[in-house]
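Visitor: Submitted below is the structure of interest, expressed as structure tokens.
Chains as they are written, first to last, in the working numbering: chain C, 940 to 1357; chain E, 2 to 623.
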């Protein structure tokens, strides 16, 4: 699949290729009454499952033309997605309300014409409404979008754009199967700003095979140079079933170990902090006002409806996920039934688990008194161990230190184990 | 002329009795030969016949070995000769075939006047058979040497007949050749038993004395005690008295096994049968004890009684701590039928609540473990088996150590360890490699004899501790499976032994303490430390692993602190997956064992304790 073009695939907003197990979903997609309790922001996520080529490390739910069967063409995809949007409205019923955030991810969204997204936003506006100041975000390909395309997206209403830069180093980009040239991102960001986008994100990946600390530092500096107001930086994860996974299994390439990853993370945090960008989630840094509201919605368990094959949704303690293949997805909607593959209705304990798991990753942290007594004991120890911030603790919050952020998953388990 | 009617139990003249056993190695066909005898004597017809009829437990059938002996009463009238057409009673007393049960074997032999020495005509005699043969000869038993499996293409009857003849002291042509499988020669063998084996002798008017050679717990009947009457008569109306424990019991039933239990009025001189008294625990009916009657008691016990002596110890722990009460119940139940099994509760930092158990030997350990797992459905961890050490302190105090972690740390004058006399039979080409192995295990050569041109018997004194782990495996692999081993405890010796502790962050992990010879302490410590380094996950802090003798550290490894334990990506589609992982980790954390501040997964303990991974095991030479 290392083909013709060097299409850009962003990996910040995605769906994992393997779906979890869950209980069946009613064919009409209806939700239990409990899902309508409480007040939360409502968001929409639109998944675009197309790419022109697949990157070696990617295990996301995306398809090149060759991998797709009939009934799932790019030309008809948006209409199918709109069918699900209308299903969402009917399922939500009275709870359908103006949305606070929207995110278009992939795949490679910009493989679809900007007019498609304009049409999508029009329907959202008409059926749900969009609140004043809502965040409307799209992932974009610096290689394929030009100034005009960006202007069209901006004109349609998008106010935030995300670029998958990954690295500023040609060798590293090659190791990641990324085909854009490092300089192209800079132009694309400039064009986006010229088009009037208020918020710009760039994504970085560290720990690719062969990457050095120096190369990583170059990438960090290059990312800051384009002056985004948001940066996401991820450690490369080697997933089974990817080309990279196979290479690692064969011993052809070696990815950075956890100690190296930890060091790169510290480099990132130091570099971004010095440039006035503060962490607000383990892998995300922003200038003041630049935080991604859509992602915060994930981490604070707001409501969102995920549209598209393999997309996940959460409405009031019910999580569900759609069937994975675009053709199966289209077929379900065509037949007038919910494309959901399975769902789970979270128990109170699971909701607590999620609140701790997700909240701990945020700079706003957790309320200490929301934890069990043994969890609170563990918080005290973790403060002493340097994993949690002592000042925040005095203010009743459990907030990770830099060292603590690198051990967040471990600490979450400890806080939840009696 | 037809045969005389079979004498009835309780009224069988001693001169018509023949009490005998079969001495044979595992797989040499004892059970199959016994099956043929049951058929030829007519006590089991073809319709009711099943293979290995006399072996009762599943484990016995599966492993092809006999754990518990049993006696069966067979009527047999030779067709010709001096006893032609006179129906005799043959009591076939089955014997356990393994080294761990030497004492049970000795009591079975004591109940017999004769023995069939049964040897596979394709394999020749094995070490355990030889040891039991010597035991039988010491007991003055009449030996009938027999080669079995003569129907096998690989049989070498000439060669092995010569070997047996030399051992027994007869002519090669006197060695009978049979096939338990086809039945060939079995009639002749039964005739030989009647015609050559001596009849039992005893005083019918003396106070009753009967030897207990086995006792078995039966769920429905309680303990079934197998006895051989030496003097006097046991009647079903008697109250009986056990001479070693002075316990008295009502007699509920007396009978013989033919081969199903048949009750009788009693048992007379020389007869073999069973007693049921309603006791629930085999400890009240001990093998080797003497049974007499309460109203006319004998005063002198039959010789040879010994309390069973556990030789090998191991900690047994439930994998799931909540199974501890089940393990206790299962051990209690098993003990009803196993007088040699001893256990007491113990607590391990690493493994939680469990039992320190004493066994006759390794096979006994394996059988008990397997029965606990199979019959009680328990998943168990067993610590590395160890022997009993007698430690003499400078102040003269003596300490018996059955758990290495309890090895004393004060001033020690001497440490005594049990030693065994080991007999190894092997093709002579392996003598060099066997000697090397034994030297490696601190063995002392006691002697060496050629059984035939190419078969040799090696006798060694070896520390039992060097045998309990993997000696037999090492021996088998070095001799391509040809060598056989037997050993018997012969006492103890003073040895230069030390306790090696394994410490995590300065804290000793009891389950890993081992008593080893000084020369092997370093190797043990080094390998244990590096194994644990692989097995224990990284913690938030650095964890030193040390091997130490007392305060002296002999090996050290470090588990470096973990720096990163976070998945960087966490978006809408990741949350369910992540939460499920967290739920799993919460469960996993409950199974973590804390050693000080160090979290050790139970799997790490199991892997480190598993015998396949024995760090003292030397690399096998080809």
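Note that the Cβ used here is the ideal one computed from N, Cα and C, for glycine as well.
So what's residue 1189 of chain C in DSSP terms, helix, strand or just coil?
Guide: Three-state result, residue 1189 of chain C: helix.
Visitor: Between the alpha carbons of residue 241 of chain E and residue 536 of chain E, how many angstroms are there, rounded?
Guide: Straight-line Cα distance between these residues: approximately 58 Å.
Visitor: Residues in its own chain within less than 7 Å of residue 186 of chain E by CB, not counting five upstream and five downstream?
Guide: So the list reads 177, 178, 179 and 180, once near-sequence residues are dropped.
Visitor: Let me know the beta strand (DSSP E) ranges lying completely inside the segment 113-172 of chain E, each 3 residues or longer, listed in chain order.
Guide: With a minimum length of 3 residues, the continuous beta strand (DSSP E) runs that stay inside the segment 113-172 of chain E are 115-121 and 143-149.
Visitor: I need the DSSP call for residue 1104 of chain C, collapsed to helix, strand or coil.
Guide: It is a strand residue.
Visitor: Helix, strand or coil for residue 567 of chain E, going by three-state DSSP, please let me know.
Guide: Coil.
Visitor: Under the three-state reduction of DSSP, which class applies to residue 1172 of chain C: helix, strand or coil?
Guide: Note: residue 1172 of chain C maps to strand in three-state DSSP.
Visitor: In whole angstroms, give me the CA-to-CA distance for residue 4 of chain E and residue 82 of chain E.
Guide: So the two alpha carbons sit approximately 13 Å from each other.
Visitor: At a CB distance below 9 Å, what residues from the segment 558-574 of chain E approach chain C? Give them in sequence order.
Guide: Answer in chain order: 561, 563, 564, 565, 566, 567, 568, 569, 570, 571, 572, 573 and 574.
Visitor: Answer with yes or no whether the minimum CB distance from residue 61 of chain E to chain C is below 8 Å.
Guide: Because the pLDDT at residue 61 of chain E is just 49, under 50, the model does not fix this residue reliably, and the value given afterwards should be weighed accordingly. Not an interface residue.
Visitor: In three-state DSSP terms, what is residue 62 of chain E?
Guide: Because residue 62 of chain E sits at a pLDDT of 48, beneath the cut-off of 50, its placement in the model cannot be relied upon, and the point is left open.
Visitor: Are the Cβ atoms of residue 1 of chain E and residue 410 of chain E separated by less than 8 Å?
Guide: The structure shown does not extend to residue 1 of chain E, since chain E is modelled only from 2 through 623, so no value can be given for it.
Visitor: Tell me, please, whether the segment 337-345 of chain E touches the segment 354-369 of chain E by the rule of three or more beta-carbon pairs shorter than 8 Å.
Guide: The segment 337-345 of chain E is in contact with the segment 354-369 of chain E.
Visitor: Alpha carbon to alpha carbon, how far is residue 1169 of chain C from residue 507 of chain E?
Guide: Roughly 47 Å between the two C-alpha positions.
Visitor: Less than 8 Å between the CB atoms is what I'm expecting for residue 462 of chain E and residue 447 of chain E, so what's the real figure, rounded?
Guide: So it is a contact: roughly 6 Å between Cβ atoms.
Visitor: By the 7 Å beta-carbon criterion, what residues does the segment 534-546 of chain E contribute toward chain C?
Guide: Correct list: 541.
Visitor: I'd like to know whether the C-beta of residue 465 of chain E is nearer than 8 Å to at least one C-beta of chain C.
Guide: No - not a single Cβ of chain C is within 8 Å of the one on residue 465 of chain E.
Visitor: Is residue 604 of chain E close to chain B? Criterion is C-beta to C-beta, closer than 8 Å.
Guide: Note that chain B does not occur in the displayed structure, where the protein chains are C and E.
Visitor: Rounded to the nearest angstrom, what separates residue 279 of chain E and residue 391 of chain E at their Cα positions?
Guide: So the two alpha carbons sit approximately 39 Å from each other.
Visitor: So that I know if they touch, is there some Cβ in chain C lying closer than 8 Å to that of residue 579 of chain E?
Guide: Chain C, which has a Cβ nearer than 8 Å to the Cβ of residue 579 of chain E, makes this yes.
Visitor: Enumerate in chain order the residues of its own chain whose CB-to-CB distance from residue 400 of chain E is below 6 Å, with the five nearest sequence positions on each side excluded.
Guide: Excluding residues within five positions, the ones whose Cβ falls inside 6 Å are 392 and 409.
Visitor: Roughly how many whole angstroms lie between the Cα atoms of residue 620 of chain E and residue 478 of chain E?
Guide: With a pLDDT of only 34 at residue 620 of chain E, under the threshold of 50, the placement of this residue in the model should not be trusted; the figure read from the coordinates follows. Taking the straight line from one Cα to the other gives about 11 Å.
Visitor: Would the segment 98-114 of chain E and the segment 195-213 of chain E be scored as touching if the rule is three or more Cβ pairs under 8 Å?
Guide: With the cut-off at 8 Å, the segment 98-114 of chain E and the segment 195-213 of chain E touch.
Visitor: Express the C-alpha separation of residue 46 of chain E and residue 32 of chain E in angstroms, rounding to a whole number.
Guide: Those two C-alpha atoms are separated by around 16 Å.
Visitor: State buried or exposed for residue 1033 of chain C, treating a residue as buried only when at least 16 other CB atoms are found within 10 Å of its CB.
Guide: So residue 1033 of chain C ends up on the exposed side.
Visitor: Can you tell me the Cα-Cα spacing of residue 88 of chain E and residue 195 of chain E, whole angstroms?
Guide: Residue 88 of chain E and residue 195 of chain E: Cα-Cα distance of roughly 10 Å.
Visitor: Could you confirm whether any beta carbon from chain E is found closer than 8 Å to the beta carbon of residue 1267 of chain C?
Guide: By this cut-off, residue 1267 of chain C is not an interface position.
Visitor: Report yes if the C-beta distance between residue 150 of chain E and residue 121 of chain E is below 8 Å; otherwise report no.
Guide: In this structure, residue 121 of chain E lies closer than 8 Å to residue 150 of chain E by Cβ.
Visitor: Taking 8 Å as the threshold (beta carbon to beta carbon), is residue 1197 of chain C in contact with chain E?
Guide: Output row for residue 1197 of chain C: interface = yes.
Visitor: Could you give the distance in angstroms between the alpha-carbon of residue 1179 of chain C and the alpha-carbon of residue 1185 of chain C?
Guide: Straight-line Cα distance between these residues: approximately 7 Å.
Visitor: Whose C-beta lies closer than 7 Å to the C-beta of residue 336 of chain E among residues of the same chain, with five residues either side of it excluded?
Guide: Here the set comprises 342.
Visitor: Which residues of chain C have a Cβ atom closer than 7 Å to the Cβ of residue 587 of chain E, listed in chain order?
Guide: The contacting residues are 1352, 1355 and 1356.
Visitor: Considering Cα atoms alone, identify which of E:167, E:164 and E:152 is closest to residue 183 of chain E.
Guide: Of E:167, E:164 and E:152, the residue nearest in Cα terms is E:152.
Visitor: Are three or more beta carbon pairs between the segment 1214-1225 of chain C and the segment 964-972 of chain C nearer than 8 Å?
Guide: Because the criterion of three Cβ pairs below 8 Å is not met, the segment 1214-1225 of chain C and the segment 964-972 of chain C do not touch.
Visitor: Contact between the segment 580-600 of chain E and the segment 1279-1299 of chain C is defined here as three or more beta-carbon pairs at a separation below 8 Å; is this criterion met?
Guide: Counting Cβ pairs under 8 Å, three or more are found: they touch.
Visitor: Between the C-alpha atoms of residue 134 of chain E and residue 258 of chain E, what's the straight-line distance to the nearest angstrom?
Guide: Going by the C-alpha atoms only, they are around 26 Å apart.
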